[in-house]
Every structure is written in C-alpha cells, then in structure tokens.
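Undergrad:
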C-alpha cells in the first residue's frame, strides 16, 4: 500500500474512533479500530521526514496547523457550552479572549522565520498551555483538546534539533514540551522508535510491540480491562500497516489530512454536545 492509500484508510478509522468519542451510545469497537490511527500517522510522519527537503518548514507547517486547530477548538468549546454553563458572560468573555490570543499566536508562528527554533518552541508551548489553563477555569465543562498536529510538530522539532545541534541539548526542549500535548510520552517514544529503527524493521517492530504491550502492565487480563477500560494496547495492530507500506507516495492530496482532521472533530463535537442537552 502507498502513503495515500494508508492515509485514506486511517482517516476512515479515525472518523469511527471520534464518532465513538463524541457521540453517545456508539459501539465501543469504533474505539478499537481507532487505536491504530495515531501510530500509523506517526510512522508516516517520520518516514516522510527523510524525504522532506525543507525539514524546518515541515515543522512550521505543523505548528501553523496546530494553531488553527487550537483556535477552532477554543471557539467550538466556548460556543457549544454556553447553554450548559451558568455564568454565560464569564465563559463567553474568557473563551473569546483565549480564541483571540490563540489566533494571534498562530499568526506570529506563520510570520516567524523557520530558523527561529526557540521561538517556535515557545509559541508551540503556549498553544499547548492555553487550553489547559482554560480547562482549569471551567472544570465542569468538556473542553475540546484534540490536536495531534501539535504533537507531530514537536516530534519534527525534536528530530531537527537532534540532527542540527548534536553538540548541545537543544532537542530536550521539544521533547519535554511534547509531553503536554495530546500524544504525550507515547508520541515521543514512537518518534524515537520509528526514527532510530527506520531501516531495521525487525527491531522497529520488536520495540514497538514492547511499547504497545506495556499498556497491559498492572491492569490485569480481565475482559473489562482488555476490552473496556484499557484498550490502548490495541495499537499493536498497527504493525501490519508498517509492513504493507511500500515507501511510495501515491496520489498527492497534500492538505487532505490538514483539512479533514479538524473539520470532522469540530462537527462531531458539535453534534455530540447537542445530543447531550
């Protein structure tokens, strides 16, 4: 399978996963199939890193996308929570303020030179921090935090810093900052595994399998644990897609993922919010 075919399949599985996440009374197996999505996208991300001529621009593009995602998340969360939060003026005022700030940060990222790694790391940190701060102000609300773009941006920044600044510890900053993004430590570890063992599939699969099955530790092997409360181990089923990938690009629809990902998340969140009222 080429890159386009795998991406298209992953987008379908992602849609099912997010339907289960946002829409009440959806079959849990929708979440099962979704466990393979993030690992496969990270695998393709790191693989694509080696074919990208301008690696700094690669990271910046992901940061800009994450800025748009964070801004949209804030706006959608604010708008669809107005009817269920008592102090509507407080929610609306702070929500719009945070939306404006996130929009401004996104614009600054867009205008920032790709060589300014420290500035991009700082702005990325703010994109991750502001939704957390907003959540702490409205603990009884559901705040939309999905933003895999930001996790991916820090992964690329980590690799760029690792390759360009081997004499110092510049790679530590994006590595640490990635921990407060959606993918967290899992995204960082997958980045390291997929990068280090890219040309050694047996080792890549071995370490990835260990990472996947580590989610079983301490949870027990009951039906409820394996198939209800702790299903992250199912990411191990991403392995067939690693093996099926033929390193070919396929059809070039460059911005399909950038458009589909935020759009379907916002629509499903809105539908789910309306159904819960």
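In the UniProt record's numbering, the protein residues as written are 1 to 277. No residue lacks a Cβ here, since even glycine has one placed at the ideal position from N, Cα and C. Bear in mind that the values here come from a model prediction, so they are computed numbers and not experimental data.
#1: Whose C-beta lies closer than 8 Å to the C-beta of residue 52 among residues of the same chain, with five residues either side of it excluded?
#2: CA-CA distance, residue 14 and residue 37?
#3: So, with DSSP's three-state summary, where would you put residue 106?
#4: Do residue 233 and residue 72 have their C-beta atoms within less than 8 Å of each other?
#5: Put residue 128 into one of helix, strand or coil per three-state DSSP.
#6: Give me the Cβ distance between residue 225 and residue 219, rounded to the nearest whole Å; I'm assuming they're in contact under 8 Å.
#7: The alpha helix (DSSP H) that contains residue 169, what's its start and end?
#8: Give the secondary structure of residue 250 by DSSP, where H, G and I count as helix, E and B as strand, and everything else as coil.
#9: Is residue 192 near the ligand FAD, judged by its Cβ being under 7 Å from some heavy atom?
#10: Got a sec? Which residues, its chain only, sit under 6 Å from residue 244 by beta carbon, not counting five neighbours each side?
#11: Report the CB separation of residue 178 from residue 155 in whole angstroms; it is logged as a contact under 8 Å.
#12: From residue 132 to residue 140, what distance separates their C-alpha atoms?
#13: Near residue 171, which residues of its chain fall below 6 Å by C-beta distance, leaving aside the five closest residues on each side in sequence?
#14: With contact counted as at least three CB pairs below 8 Å, one residue from each stretch, are the stretch 134 to 151 and the stretch 102 to 111 in contact?
#15: Can you find the residues in the same chain that come closer than 8 Å, C-beta to C-beta, to residue 62, ignoring five residues on each side of it along the sequence?
TA: If we stick to the structure as given:
#1: Scanning its chain for C-beta atoms nearer than 8 Å, with the 5 sequence neighbours on each side dropped, one finds around residue 52 the residues 58, in chain order.
#2: Approximately 6 Å, taken between the alpha carbons.
#3: Helix at residue 106.
#4: Not in contact: residue 233 and residue 72 (Cβ atoms no closer than 8 Å).
#5: Correct three-state label for residue 128: helix.
#6: At roughly 5 Å, the Cβ-Cβ gap stays under 8 Å, so residue 225 and residue 219 are in contact.
#7: In the DSSP assignment, residue 169 falls outside any alpha helix (DSSP H), carrying neither H nor E.
#8: Note: residue 250 maps to coil in three-state DSSP.
#9: This structure does not include the ligand FAD; it has no bound ligands of any sort.
#10: 1, listed in sequence order.
#11: Contact between residue 178 and residue 155 holds, since their C-beta atoms are separated by about 6 Å, short of 8 Å.
#12: Cα-Cα distance, rounded: 13 Å.
#13: Once the five neighbours on either side are set aside, the close Cβ partners of residue 171 are 158, 161, 162.
#14: Result no; under three Cβ-Cβ pairs closer than 8 Å.
#15: The answer, listed in chain order, is 149, 150, 152, 153, 156.
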